[in-house]
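Undergrad: Chains as they are written, first to last, in the numbering used here: chain Y, 1 to 259; chain G, 1 to 327.
#1: Which residue from G:291, G:257, G:192 and G:184 puts its Cα closest to that of residue 241 of chain G?
#2: For residue 101 of chain Y and chain G, any beta-carbon pair shorter than 8 angstroms?
#3: Could you give the distance in angstroms between the alpha-carbon of residue 202 of chain G and the alpha-carbon of residue 188 of chain G?
#4: Going by the CB atoms, is the gap between residue 164 of chain Y and residue 205 of chain Y shorter than 8 angstroms?
#5: Quick check on the DSSP output: what are the complete beta strand (DSSP E) runs of length 3 or more inside the stretch 147-232 of chain G, in order along the chain?
#6: Return the CA-CA distance between residue 38 of chain G and residue 237 of chain G, expressed in angstroms with no decimal places.
#7: Taking C-alpha atoms, which residue in G:61, G:59 and G:36 lies nearest to residue 51 of chain G?
#8: Span of the beta strand (DSSP E) holding residue 242 of chain Y?
#9: Name the chain Y residues whose beta carbon is nearer than 9 angstroms to that of residue 163 of chain G?
#10: Do you know how far the Cα of residue 160 of chain Y is from the Cα of residue 80 of chain Y?
#11: At what residues does the alpha helix (DSSP H) containing residue 2 of chain Y begin and finish?
#12: Is it the case that the stretch 170-177 of chain G contacts the stretch 93-111 of chain G, given that we only count it when at least three CB pairs across the two stretches are under 8 angstroms?
#13: Within 10 angstroms of its Cβ, does residue 23 of chain Y collect 16 or more other Cβ (buried), or is it exposed?
#14: When the Cβ atoms of the stretch 247-255 of chain G are set against those of the stretch 134-143 of chain G, are three or more pairs found closer than 8 angstroms?
#15: Strictly by DSSP, which residues pair up with residue 219 of chain Y?
#16: Pull up the DSSP beta-bridge partners for residue 301 of chain G, would you.
#17: Could you tell me if residue 55 of chain Y is buried or exposed, where buried requires 16 or more neighbouring beta carbons within 10 angstroms of its beta carbon?
#18: Anything in the stretch 211-222 of chain G with a Cβ closer than 7 angstroms to a Cβ of chain Y? List those residues in chain order, please.
#19: Consider the Cβ of residue 153 of chain G: report whether some Cβ of chain Y lies at a distance smaller than 8 angstroms.
#20: Please classify residue 66 of chain Y as buried or exposed, where buried requires at least 16 other C-beta atoms within 10 Å of its C-beta.
#21: So is residue 302 of chain G buried or exposed if we call it buried at 16+ other beta carbons inside 10 Å?
#22: State the DSSP-derived secondary structure class of residue 203 of chain Y, mapped to helix, strand or coil.
#23: Could you pull the DSSP bridge partners for residue 73 of chain G from this structure?
#24: Along chain G, which residues have their Cβ under 7 angstroms away from the Cβ of residue 60 of chain Y?
#25: For the beta strand (DSSP E) that contains residue 236 of chain Y, what are its first and last residues?
#26: Is the stretch 155-165 of chain G touching the stretch 120-135 of chain G, taking contact as three or more C-beta pairs under 8 angstroms?
#27: I want to verify the contact list: residues of chain Y whose CB lies under 8 angstroms from the CB of residue 298 of chain G, in sequence order.
#28: Counting Cβ pairs closer than 8 angstroms, one from the stretch 114-123 of chain Y and one from the stretch 146-160 of chain Y, do we hit at least three?
#29: For my contact list, residue 225 of chain Y and residue 186 of chain Y are in at a C-beta cut-off of 8 angstroms; report their separation, rounded to the angstrom.
#30: Going by other Cβ atoms of all chains shown within 10 Å of its Cβ, with 16 needed for buried, is residue 296 of chain G buried or exposed?
#31: Exposed or buried, what is residue 73 of chain Y when buried is set at 16 or more other beta-carbons lying within 10 Å of its beta-carbon?
#32: How far does the alpha helix (DSSP H) with residue 40 of chain G in it extend, from its first residue to its last?
#33: Within the chosen definition, does the stretch 170-181 of chain Y reach the stretch 214-228 of chain Y through at least 3 CB pairs nearer than 8 angstroms?
#34: By the 9 angstroms beta-carbon criterion, what residues does the stretch 195-221 of chain Y contribute toward chain G?
#35: When DSSP labels each residue in this structure, what does residue 292 of chain G get in the three-state scheme?
#36: Residues in the same chain with beta-carbon distance under 8 angstroms from residue 304 of chain G, minus the five sequence neighbours each way, listed in chain order, please.
The structure is reproduced here in structure tokens:
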């Protein structure tokens, strides 16, 4: 850090010094009009001119070298200020999304709701779907603890629960983020680059492959078939807000409406 | 493709002819120097020394310059399009600056040769050497196929500006476009002054070349100051002379309309992350796509690309695909 900075300062001052020498030399150079002179005097004038030419040539090379050194050091300084390596850049970009206090995973789930539910709906196998739906509405996903509890209280077997909950698209087994981002992947949006939008959002929120929610549980990414505004393609919806004519850059901007 | 050997043969024959027809001996020089003070007016027994004229550069060396120009452009195209390597391109840029700039002292350059060609077209008495014509035509031909490869690392004026780019700002699009029109005005002026009759003729591009003073380490003070100004501005605005003033750049920009290959940001290969567009100091990436007429072949977009390693052809490497296959 300091090495590049001092280097560029030294080289920069060398450049200034060289320019100053050249300018002074130019300003001080005698500019006599052409006149007939005795040979000795003419020789003196010629020698002075030649000496100045050599001197200026050396200083000019020094100036070029100093300028090159200055540029190299200055580029080092600029590079340190703004990391240009793509890896660094993406990491620097990742914590961009609006994050309030990270929603910590609830350590103990309040399962009294499940107990009340079973008492209200029933213990038979036919109650499986209504129970799961009610749990999903309450917790916004199907917590494993709640499902275990159901198995304990009712006649429904863990296999049936697993089968039912994984068969229907309406059930989800992992916690959902605070905001749901629906990225349209309908025909119009697909053609206009919905895949790039989704990819960029995943990168932006640092969502690993195979998951749909970021670590802070702020956003859950959902790919939906059509949001019904194809003229705005590509489109996404964050909670109630719709954003259209997106590019990967503006898609990340669109998430900020929730902040 | 069967005609290729014939074409190569013919090219060799033409080249051999060029080399053989070289004017090897010096031309006798008899210019009456009327404007200079004569021996009588000086007096004091002064004797006018014999007029000296340096021999022209050997013809084969001139041809070598043209070959070097062509080779440098070829290497530039290969480095940018195939290797996508900014580092090697920078090496080429420094090399070309040293050779075409500091060693050849910025002459002959395709930008200036434009005027010679114009004069040759306008004035039947003006003879133009093949070397100059070739210097003029070669970059245009390359631009017809690959875009402005000449501007990237080969042009000495471009190279010196390329190397000083420090912290470029993005010029607002409209201002950029408006200033870009200046180069056509300059082109028109240069042609206008070049087609004048022989005595009134003036080669504006060469006279107001802002960087040639640095290459020769001498020049009119106002031109040196102007050149220094261009370089200082060039640290923060990428290559101002090339983008806004270079008349030859205007011609090259027209030629790139037909270019089939060139610096491309391919929709199906790239991430559309926009890093390249931030990295381009010349405003040549609009809406995430490279604009060929503005692209100056600096390969900064490729250097900033997160997928650089995967996309460089000559750097192909094995990628693990098992994960992709199972999902």
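Note that beta-carbon positions come from the ideal geometry of N, C-alpha and C, so glycine has one too.
TA: Put simply:
#1: The candidate whose alpha carbon is nearest that of residue 241 of chain G is G:184.
#2: The predicted model places residue 101 of chain Y with a pLDDT of 45, which falls under 50 and marks its position as unreliable, so this point remains unresolved.
#3: Cα-Cα distance, rounded: 13 angstroms.
#4: Contact flag unset, no.
#5: Complete beta strand (DSSP E) runs here, min 3: none at all.
#6: Rounded to whole angstroms, the gap between the alpha carbons of residue 38 of chain G and residue 237 of chain G is 51 angstroms.
#7: Minimum Cα distance to residue 51 of chain G is reached at G:36.
#8: That run of the beta strand (DSSP E) goes 241-243.
#9: Contact note: residue 163 of chain G reaches chain Y through 68 and 71, using a C-beta cutoff of 9 angstroms and chain order.
#10: Each residue's Cα considered, the two are about 58 angstroms apart.
#11: Unbroken alpha helix (DSSP H) run through residue 2 of chain Y: 2-28.
#12: With a cut-off of 8 angstroms, the stretch 170-177 of chain G and the stretch 93-111 of chain G do not count as touching, because too few Cβ pairs lie within range.
#13: Exposed, by the Cβ-count rule.
#14: Output reads yes: the stretch 134-143 of chain G touches the stretch 247-255 of chain G.
#15: Paired residue(s): Y:179.
#16: When DSSP reads this structure, residue 301 of chain G sits in no beta bridge, so it has no partner.
#17: Exposed.
#18: Going along the stretch 211-222 of chain G in chain order, one finds 217 and 221 with a Cβ nearer than 7 angstroms to chain Y.
#19: Not an interface residue.
#20: With 16 or more Cβ atoms within 10 Å of its Cβ, residue 66 of chain Y is classed as buried.
#21: Here residue 302 of chain G is buried. Its C-beta has 16 or more other C-beta atoms within 10 Å.
#22: Correct three-state label for residue 203 of chain Y: helix.
#23: In DSSP, residue 73 of chain G forms no bridge with anything.
#24: Contact of residue 60 of chain Y with chain G by beta-carbon distance below 7 angstroms involves 217.
#25: DSSP places residue 236 of chain Y in the uninterrupted beta strand (DSSP E) bounded by 236-238.
#26: Cβ pair count under 8 angstroms is below three, so no.
#27: Ordered by position in chain Y, no residue passes the 8 angstroms Cβ test against residue 298 of chain G, which lies about 14 angstroms from the chain.
#28: Judged by Cβ distances under 8 angstroms, the stretch 114-123 of chain Y makes contact with the stretch 146-160 of chain Y, as three or more pairs qualify.
#29: Indeed they touch by this definition, with Cβ atoms about 6 angstroms apart.
#30: By the C-beta density criterion, residue 296 of chain G is buried, having at least 16 other C-beta atoms within 10 angstroms.
#31: By the neighbour-count criterion, in which a residue is buried when 16 or more other Cβ atoms sit within 10 angstroms of its Cβ, residue 73 of chain Y is buried.
#32: For residue 40 of chain G, the uninterrupted alpha helix (DSSP H) segment begins and ends at 39-42.
#33: Segments in contact, yes.
#34: The stretch 195-221 of chain Y vs chain G, Cβ under 9 angstroms: 196, 197, 199, 200, 203, 209 and 210.
#35: Coil at residue 292 of chain G, not helix or strand.
#36: Counting only Cβ-Cβ distances below 8 angstroms, and skipping sequence neighbours, we find 275, 276, 278 and 279.
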